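In terms of my numbering, the sequence shown opens at residue 6 and continues consecutively. Every residue gets a Cβ at the ideal spot worked out from N, C-alpha and C, and that includes glycine. Computed from a predicted structure; not experimentally measured. Taking it in order: structure first as structure tokens, then the write-up.
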Amino acid sequence: MMDHRLANERKTIRHIELPPELQEYVDDVHKICVSKSGITESDHAAYDVKSNPHDPKLQCYMKCLMLEAKWMDKDGAIQYDFIIDTAHPKIKDLLVAAINKCRVINDGANLCEKASNFNFCMYGADPENWFLI
């Protein structure tokens with residue numbers, strides 16, 4: 006189970022409030038990817054998309070998020086239709102608008118870089134509502 010202090014701290018970073026069932030899913034994926042990628046909660050909290058968008062510590066965490074959520078397949082293809090089709094209704098409009106600005110991104114040298122490039126594009130598409138789970 007996630008530390009409630011962290012969950013509450015992470016919620017205040019966001020400009021949008023996630024529905025409880027989506028927050029639970031996001032927290033579960035976050036926990037899995039922290040473990041798989043080897044980052045710490047401190048690494049995650051210190052991530053600054055504005056000044057260091059391609060932080061090497063976070064790139065493979067982002068890849069894990071995308072793979073776990075099925076937003077990217079194992080070959081690196083971003084699953085745009087899946088993302089849109091499965092988006093929670095409360096955030097779908099925001100997500101679709103950002104996704105449509107990020108359909109062409111640099112592949113990078115590996116899937117970690119590609120995930121980071123997608124993440125940075127999503128930030129650029131909607132910096133007000135962007136957040137890293």
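- prompt: What is the residue span of the alpha helix (DSSP H) that histidine 49 lies within?
  reply: 46-51
query: Taking buried to mean at least 16 other C-beta atoms within 10 Å of its own C-beta, is serine 42 buried or exposed?
result: buried
query: Just the Cα atoms here: how many angstroms apart are tyrosine 139 and threonine 91?
result: This structure gives no information on residue 139, because the portion of the chain shown stretches from 6 to 138.
- prompt: Can the beta-carbon of valine 39 be found closer than 8 Å to that of glutamate 46?
  reply: yes
query: Can glycine 81 and leucine 27 be called in contact, C-beta distance under 8 Å?
result: no
message: What residue range does the alpha helix (DSSP H) around valine 39 cover?
response: 25-42
field: Test item: CB-CB of tyrosine 66 and isoleucine 37 under 8 Å
entry: no
- request: Measure the CB-CB distance between valine 34 and leucine 63 and report whether it falls below 8 Å.
  value: no
query: Going straight from the alpha carbon of aspartate 60 to that of proline 94, what length do you get?
result: 31 Å
- request: Go ahead and pull the three-state DSSP assignment for isoleucine 138.
  value: coil
field: At least 3 beta-carbon pairs within less than 8 Å: the region 122-138 vs the region 102-109
entry: yes
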